[in-house]
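Quick note, the sequences are listed as chains A and B, same order. Per our numbering, the first sequence starts with residue 1370, numbered consecutively. Per our numbering, the second sequence starts with residue 7, numbered consecutively. By construction, the Cβ of each residue, glycine as well, lies at the ideal position given by its N, Cα and C atoms.
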Amino acid sequence: MALPEILSYAVNLLELIAAIVALVNYKKYAQSTERYFLHFLWFTVFVDTFIGLFILSFYEINRTLVYYIYTGFSFCFYFWWYYRVLQKKWHKSISIVLGAIFLCVFLLGFQTNGSQKFIFIIGAFFVLILTGFHLLQLSNSSYTLKIKHKLSFWISTALVLFNIGMFPLILMSDYFKVRMDNLVFTNILFLLNLVLYTCYIIGFIWTKKKYNHF
Amino acid sequence: MDEKEIQSFLVISSVVLLVIIFTMISLFLLFRKKKNDLLLEKKLAEQKFEQEIAKTQIEIREEIFRNISWELHDNIGQLLTLAKIQLVNNLSTDEVKDTISKSIKELRTLSKLINPEALKNIELKQAIQDEIDRFNRLNFIKANLVIEGETKALDHKTEIVFFRMLQEFFSNTIKHAKASNLCVTLKYLPNMLMVIAKDNGLGFDITNTENAGIGLINIKTRAKLVKAEAEICSKINEGTQLTITYPYQNGNS
Chain A
1370 MALPEILSYA VNLLELIAAI VALVNYKKYA QSTERYFLHF LWFTVFVDTF
1420 IGLFILSFYE INRTLVYYIY TGFSFCFYFW WYYRVLQKKW HKSISIVLGA
1470 IFLCVFLLGF QTNGSQKFIF IIGAFFVLIL TGFHLLQLSN SSYTLKIKHK
1520 LSFWISTALV LFNIGMFPLI LMSDYFKVRM DNLVFTNILF LLNLVLYTCY
1570 IIGFIWTKKK YNHF
Chain B
7 MDEKEIQSFL VISSVVLLVI IFTMISLFLL FRKKKNDLLL EKKLAEQKFE
57 QEIAKTQIEI REEIFRNISW ELHDNIGQLL TLAKIQLVNN LSTDEVKDTI
107 SKSIKELRTL SKLINPEALK NIELKQAIQD EIDRFNRLNF IKANLVIEGE
157 TKALDHKTEI VFFRMLQEFF SNTIKHAKAS NLCVTLKYLP NMLMVIAKDN
207 GLGFDITNTE NAGIGLINIK TRAKLVKAEA EICSKINEGT QLTITYPYQN
257 GNS
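So this is what it looks like as structure tokens:
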């Protein structure tokens, strides 16, 4: 088995582990909006493993289109989630505006066969703004004293690290003319996924019920 | 991977790693700073709280000493003077004995108040009862204490603050209100304590800021200190009412 293939399976495995850990610890955050992450993680497992590995291998379906839709959906989910967790009115308004802009660009790209990279850059940039708001909100609250028990902190940290890492990867892979299926790209993408899902897993394990009220 | 790919891999992965590490360190520093700021703020608030409690305790003692001095002069002093006059006028020994016995009784009651242990371990219900008994004994005012619900022990510091608030209210009632009746009610509800003190004195115009003397402002400030709420209602010639509301969840009960 070639290395890119192994790394791709490893990402599937990471997604599965994160979804299982989220399920096992569900009671700790069942009251908060973070509970939707459980559904989102299982949806990711379904798309990436079930559709990505099995369905697409046997049926001739456009893989790029499937992942383009998945990328759009996942960013929309993040915008919606941040709309729910952000407390200041103007933060909420910004999340609506960013979500709306993203949706327009996504639909436009859908019609014009736009690239996944472009939509990802836009989405990642918007999500980074919202994670910044959320981390600032947390840093100004009393949660700072026991921040490691707050699940939304780990989710935001995971999203910041993943998206901020994706920027140089996408921009520089264009510069060095590295294709998305190239080993260079897959290696670094695996590293970023490792960071993303490790943060999720730590968050689900360390979180405590009393820290997840909203 | 060929040489070119290895080179691009090294460059891209170094930049990605660098960006991730920089972000992680920034987040760590931000949250550590905020945590330290919050801890410092909490510590200062705790110190301020302790200072206020100490100040409240001193004020309670001062008020008690003022009462003692008053009682020695106006009550026991008067009784002993009466005994002296009775002796000078050669009245019957039974009458003199009676007066002296009364003085001794008053003196014993008073000595209880000066007991340092009693001052240190103030219990709200008992402290109010003692004050009310004193008012009735000295015929200052007709006072009574009503307790509703099952008594619940509060944090000792909270009880001290509540007692001082009531002491200030009583002091206003006696000094300025010219009231004949004073009623204190402790309502122990399932989720909160309500302390209601009501007199039938002259009352005052609550909208007139000049009337809201330092004592009344102090009562409100003190309530905030223990996360309680104090409301003062007054109507001219109808009396004044102080209501303290204290949800148990706001403090360690």
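May I ask which residues mark the beginning and end of the alpha helix (DSSP H) holding T1567(A)?
Walking along the first sequence from the start, residue 1567(A) turns up at place 198. Start and end: L1552 to W1575.
For chain B, check one thing: does any of its Cβ atoms lie closer than 7 Å to the Cβ of P1373(A)?
Counting from 1 along the first sequence, the entry for residue 1373(A) is found at position 4. False, the Cβ-Cβ gap to chain B never drops below 7 Å.
Under the DSSP definition of a beta bridge, which residues are partnered with E235(B)?
For this step, residue 235(B) is matched to residue 229 along the second sequence. According to DSSP, which records beta bridges pairwise, E235(B) is partnered with T251(B).
Quick check: is the beta carbon of S14(B) nearer than 7 Å to any beta carbon in chain C?
This model lacks chain C altogether, as its protein chains are A and B.
Quick one: any contact between the region 1377 to 1395 of chain A and the region 1562 to 1575 of chain A, if contact means 3 or more CB pairs under 8 Å?
The answer is yes - the region 1562 to 1575 of chain A touches the region 1377 to 1395 of chain A, with three or more Cβ pairs under 8 Å.
Assuming I26(B) contacts M1541(A) (C-beta within less than 8 Å), just tell me the rounded distance between them.
As a first step, residue 26(B) must be located in the second sequence, where it is residue number 20. As a first step, residue 1541(A) must be located in the first sequence, where it is residue number 172. The pair is not a contact, with the Cβ atoms about 14 Å apart (cut-off 8 Å).
Cβ of A183(B) within 7 Å of Cβ of G207(B)?
Within the second sequence, numbered from 1, the residue matching residue 183(B) stands at position 177. Within the second sequence, numbered from 1, the residue matching residue 207(B) stands at position 201. Cβ atoms of A183(B) and G207(B): closer than 7 Å.
Could you list which residues in chain B have their beta carbon closer than 8 Å to that of S1511(A), in chain order?
Here residue 1511(A) refers to the residue found at position 142 when the first sequence is read from its first residue. Near S1511(A) (Cβ distances below 8 Å), the residues of chain B are L44.
Looking at chain B, which residues of the region 1417 to 1441 of chain A have a Cβ within less than 8 Å of any of its Cβ atoms?
Correct list: empty, as no residue qualifies.
Of the residues V152(B), L144(B), S186(B) and S177(B), which one's Cα is nearest the Cα of V201(B)?
Counting from 1 along the second sequence, the entry for residue 201(B) is found at position 195. With distances taken between Cα atoms, V201(B) lies closest to V152(B).
Whole angstroms is fine: what's the gap from R72(B)'s alpha carbon to Y254(B)'s?
What you label residue 72(B) is simply residue 66 of the second sequence in a count that begins at 1. What you label residue 254(B) is simply residue 248 of the second sequence in a count that begins at 1. Looking at the two C-alpha atoms, the distance is approximately 33 Å.
So, under 8 Å CB-CB, Y1580(A) and H1518(A) are touching, yes? Tell me the CB distance rounded to an integer number of Å.
Looking up residue 1580(A) in the first sequence gives position 211. Looking up residue 1518(A) in the first sequence gives position 149. So it is a contact: roughly 4 Å between Cβ atoms.
Interface residues of chain A around L35(B) at Cβ under 9 Å?
Residue numbering aside, residue 35(B) sits at position 29 when the second sequence is read from its first letter. Within 9 Å Cβ-Cβ: nothing; L35(B) doesn't reach chain A, min ~11 Å.
Would you mind working out which of Y1512(A), Y1395(A), T1413(A) and Q1456(A) sits nearest L44(B), comparing C-alpha positions?
Counted from its first residue, the second sequence places residue 44(B) at position 38. For the residues Y1512(A), Y1395(A), T1413(A) and Q1456(A), the minimum Cα distance to L44(B) belongs to Y1512(A).
Of all the CB atoms in chain B, is at least one closer than 7 Å to the CB of G1468(A)?
As a position in the first sequence, residue 1468(A) is number 99, starting the count at 1. Chain B contact via Cβ: absent.
Based on the DSSP secondary-structure assignment, which residues constitute the bridge partners of M1541(A)?
As a working note, residue 1541(A) is residue 172 in the first sequence. Partner(s): none; M1541(A) has no beta bridge.
By the 10 Å Cβ neighbour count, where 16 or more other Cβ atoms means buried, how is L16(B) classified, buried or exposed?
Counting from one through the second sequence, the residue named residue 16(B) turns up at place 10. Label assigned to L16(B): exposed.
Within 10 angstroms of the Cβ of I1424(A), are there 16 or more other Cβ atoms? Answer buried if so, exposed if not.
Indexing the first sequence from 1 puts residue 1424(A) at position 55. Exposed, since its Cβ has fewer than 16 Cβ neighbours within 10 Å.
Can you name the start and end residues of the alpha helix (DSSP H) that T1418(A) belongs to?
Translated into the one-based positions of the first sequence, residue 1418(A) becomes position 49. Neither: T1418(A) is in no alpha helix (DSSP H) and is coded neither H nor E.
Is S1508(A) near F168(B), with beta carbons less than 7 Å apart?
As a first step, residue 1508(A) is located in the first sequence; it is residue number 139 there, counting from the start. As a first step, residue 168(B) is located in the second sequence; it is residue number 162 there, counting from the start. No; because the gap between Cβ atoms is not below 7 Å, this pair is not in contact.
Under a three-way DSSP split, which group does N81(B) fall into?
The residue given as residue 81(B) occupies position 75 in the second sequence. Residue state, collapsed to three classes: helix.
Under a CB-based cut-off of 7 Å, is S186(B) close to chain A?
Residue 186(B) sits at position 180 when you count from the first residue of the second sequence. Judged by the 7 Å Cβ criterion, S186(B) is not in contact with chain A.
In whole angstroms, what is the alpha-carbon distance linking L116(B) and E52(B)?
Your numbering for residue 116(B) matches position 110 in the second sequence. Your numbering for residue 52(B) matches position 46 in the second sequence. Using only the alpha carbons, I get a separation of about 35 Å.
Going by C-alpha to C-alpha distance, which of S177(B), F175(B) and K233(B) sits closest to T164(B)?
Counted from its first residue, the second sequence places residue 164(B) at position 158. For the residues S177(B), F175(B) and K233(B), the minimum Cα distance to T164(B) belongs to K233(B).
Anything in chain A within Cβ reach of K40(B), meaning under 8 Å, just list it in chain order.
Numbered from its first residue, the second sequence carries residue 40(B) at position 34. Going along chain A in sequence order, the residues near K40(B) (Cβ under 8 Å) are S1508, N1509 and T1513.
Taking the straight line between their C-alpha atoms, what separation do you get for A1527(A) and F1444(A)?
One-based indexing of the first sequence puts residue 1527(A) at position 158. One-based indexing of the first sequence puts residue 1444(A) at position 75. Straight-line Cα distance between these residues: approximately 14 Å.
Counting C-beta neighbours from all protein chains within 10 Å, is the total for W76(B) 16 or more, i.e. buried, or is it exposed?
For the purposes of this step, residue 76(B) is taken as residue 70 along the second sequence, with counting starting at 1. Classification of W76(B): exposed, given that the 10 Å Cβ count is below 16.
Any beta-carbon of chain B closer than 7 Å to the one on G1501(A)?
As a position in the first sequence, residue 1501(A) is number 132, starting the count at 1. False, the Cβ-Cβ gap to chain B never drops below 7 Å.
Nearest-angstrom Cα distance between Q57(B) and L33(B)?
Indexing the second sequence from 1 puts residue 57(B) at position 51. Indexing the second sequence from 1 puts residue 33(B) at position 27. Between Q57(B) and L33(B), the C-alpha separation is close to 36 Å.
What is the residue span of the alpha helix (DSSP H) that E1374(A) lies within?
Mapped onto the first sequence, residue 1374(A) falls at position 5. E1374(A) -> alpha helix (DSSP H) spans L1372 to V1393.
Using three-state DSSP, classify V167(B) as helix, strand or coil.
Indexing the second sequence from 1 puts residue 167(B) at position 161. Helix.
With distances taken from CA atoms, which of Y1452(A), Q1480(A) and S1484(A) is nearest A1469(A)?
Reading the first sequence from its first residue, position 100 is the one you call residue 1469(A). Checking every option, the nearest Cα to that of A1469(A) belongs to Y1452(A).
Look up E154(B) in the DSSP assignment and give the residues it is bridged to.
Start at 1 with the first residue of the second sequence, and residue 154(B) comes out as number 148. DSSP lists K193(B) as partners of E154(B).
If you run the structure through DSSP and keep just helix, strand and coil, what is I202(B)?
As a working note, residue 202(B) is residue 196 in the second sequence. Reduced to three states, the DSSP call for I202(B) is strand.
Give me the subset of the region 1527 to 1544 of chain A whose CB atoms are less than 7 Å from a CB atom of chain B, sorted by chain position.
Against chain B - using a Cβ distance shorter than 7 Å - the residues of the region 1527 to 1544 of chain A are V1529, L1530, I1533, G1534, P1537, L1538, M1541 and S1542.
Starting from V1454(A), trace the alpha helix (DSSP H) in both directions and tell me its first and last residue.
Numbered from its first residue, the first sequence carries residue 1454(A) at position 85. Its alpha helix (DSSP H) spans residues R1432 to V1454.
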